[in-house]
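The sequence shown begins at 520 in this note's numbering and counts up by one.
Beta carbons: idealized from backbone N, C-alpha and C, even for Gly.
Here is the structure we will look at.
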Amino acid sequence: MKPLGFGSIRLTSGDLLERARRSFTRLRREPYRPGDVFHPADYDWPGDFEGRLLLAQILLAQALGEEPANLATILDALPDHLNDRGYLGPVRADGLVDEQQISGHNWFLSALVALYRWRGVPDTLEAIRRVVVGLLLPTAGAYAAYPSDPEQRAAMPEGAAAGSRVDHRIGRWLPSTDVGCAFIALDGATAAYQMLPEGSDREALAQLIDEMIAAYRAIDVRALSFQTHATLSALRGVLRHYETTGDGALLEFAAGRYATYKGHGMTESYANENWFGRPTWTEPCAVVDSFLVAMDLWRYTGNEGYLDDAHHVYWNALGHGQRPNGGFGCDTCTLAGLEQGAFLAVHSPGVYEATWCCTMRGGAGLAEAIRQAAWQDAEGVALPFYHPGEYRARLSQGTLAWAVDSSYPYGGEVTLSICEAPEAGAVALRLYVPSWTPRRSVSLVVNGEAAVVRIERGLATIVRRWAPGDKVVMSYEVGLRCERLLRDTSRYPDLCTLRHGPLILGMENEDGPIELPPTPPRPLGEGRYCIPAGGFTLAPINQALYLSDEEALARRVQVLFRSQQPW
């Protein structure tokens, strides 16, 4: 199964389109104008800012069908800022490996790959090769000796929101406070491997990727307090290499490490703690990675639990992390046991918007969410999401085109209108059915007549010959429910989150946490509920996008509740 891809999806309304447009607009303003993009050669993160911005603009341009205002100017200026070997920052003559330079160039390399996939210019392929040969291949042997002993790291500073290079070497490494960020480069390395032609450079890259994956698999990410962003970006590389090689051991490992992340690094709002065991703040960069990893695991395993995760990550963690100005920033960690763990808010004014990383990574993530809104295989198409828009799949039977209208996630009705269909041959149409909705509530109506509901792996499937004008309506129950915690359920059995469909609800509360009354909240519509006993209102946490920046910065909502009344 593969995504329909850019050019086959045109969103017409809805939450994702609004978020992508705001992000696209934000990335045209300071500090993303051409004169601000390129950093000095001694910048702590060579290639990082430039690469993240290019990647976000390239992907959003395709997702929205618009040309970025500054992209051509930035690309024209790029050669003047590269060193003699074709990458950014210094060329080290001492044989040491700068973890932050390697990590930063993941985004630069990923941007070049995305540009080559889009435009297919031979010079871009040569630029990819030069980064691989000039920067990545010289690290051969270093990953096998990556400093992964917790005692080696014990004396290192803990780091801030923007990581910093440690002032002493460990073996061949100049390590970063963003522990493990060198493994982020697995993402770009595996993407470059898919692009490079057969030859000695590609063979050497394959050997390096094997070394990187072997080292990453051997690391105890919890014991080392690995950065969760690095953990998940590296997993993206592992999963891409599984796609390339078909090595089932890679998929099995990826599923296990994602389970480690979900059980020990994910917050109750489906965001992340920035380092394992250090719930200091969340980071939208990692949130994007978790969405993409969940989607990859769903793609390769068919396990609907991963798709449920992707929905919750998108609608809650990514939703709350995006600011009204279109940028992204860091929030507090919602975790039982923390002093303020029942509440969700912006972590601090200084990270209200992380312009140096999260705003750009968030834009790329929104573009990927558009690209992955619909999928196809030999049997037909699958809709894992219900973003309103126009879709077109080129199948072996012919072209199937349809429009989507939906009340999801506030309501449970989805309407598909067939616009174009193959003249012969049946096509499977598969529609996502959330795990949290009662199966008895699911109904399918085709051209006004009830159809048999057949749900397999979280997808309701209809197989038939379609014709222009056909209409499919699926509906299911969406309402208020309590959900047990993702983590520490045995320690906190009476704590829960309140949800409307996939939406986690929060209650603005200036004081300490309140307990829920025994009477159920009263629905107000659009996922909002009134608690009459205290005059409080429950509302989806992702609605901060529609506040002012001042209101979003000051907002503090309770998201963990104690209740023995599941209503």
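Residue i to residue j span [Cα, whole Å]
i, j, result
"Tyr551", "Trp626", "15 angstroms"
"Asp850", "Leu919", "42 angstroms"
"Arg1074", "Ala893", "34 angstroms"
"Gly998", "His687", "55 angstroms"
"Thr747", "Gly775", "15 angstroms"
"Ile689", "Ser960", "59 angstroms"
"Arg984", "Glu792", "48 angstroms"
"Arg684", "Trp564", "9 angstroms"
"Ala922", "Ala897", "21 angstroms"
"Val698", "Arg691", "15 angstroms"
"Thr878", "Arg913", "34 angstroms"
"Leu573", "Gln620", "17 angstroms"
"Leu654", "Ala734", "19 angstroms"
"Arg976", "Ala805", "27 angstroms"
"Ser527", "Arg911", "5 angstroms"
"Pro657", "Gln726", "12 angstroms"
"Val946", "Ser1082", "46 angstroms"
"Ala901", "Val740", "35 angstroms"
"Leu751", "His760", "14 angstroms"
Residue i - DSSP class collapsed to helix/strand/coil
i, result
"Phe557", "coil"
"Cys877", "helix"
"Met993", "strand"
"Trp564", "coil"
"Met814", "helix"
"His760", "helix"
"Cys700", "helix"
"Ile528", "strand"
"Tyr910", "strand"
"His1019", "strand"
"Phe904", "coil"
"Ala539", "helix"
"Gln671", "helix"
"Ser867", "coil"
Residue from the options whose Cα sits closest to the Cα of residue i
i, options, result
"Ala790", "Leu743, Ala773, Asp808 and Cys1015", "Asp808"
"Ser994", "Gly718, Pro1012 and Gly1020", "Gly1020"
"Tyr1048", "Met814, Gly882 and Glu1027", "Glu1027"
"Ala753", "Leu837, Asp815, Gly967 and Arg911", "Asp815"
"Gly840", "Ala829, Gly881 and Ala813", "Gly881"
"Glu701", "Gly756, Gly718, Met714 and Gln713", "Checking the displayed sequence, the identity of residue 701 turns out to be Ala instead of Glu. If we check each option's Cα against that of Ala701, Gly756 comes out closest."
"Arg541", "Ala580, His866 and Leu758", "Ala580"
"Ser788", "Gly533, Arg1018, Val556 and Glu537", "Arg1018"
Cβ pair residue i, residue j closer than 8 angstroms
i, j, result
"Ala591", "Leu546", "no"
"Trp875", "Phe568", "yes"
"Ala663", "Glu722", "no"
"Pro1173", "Leu743", "The requested residue 1173 is not part of the displayed model; the chain covers only 520 to 1086."
"Val650", "Leu628", "yes"
"Leu634", "Ile577", "yes"
"Pro957", "Leu1022", "no"
"Pro609", "Ala661", "no"
"Leu1057", "Leu1079", "no"
Residue i burial status per 10 Å Cβ neighbour count (16 or more: buried)
i, result
"Thr1038", "exposed"
"Pro598", "exposed"
"Leu693", "buried"
"Glu1070", "exposed"
"Arg1003", "exposed"
"Asp617", "buried"
"Asn835", "buried"
"Gln916", "buried"
"Tyr1065", "exposed"
"Thr801", "buried"
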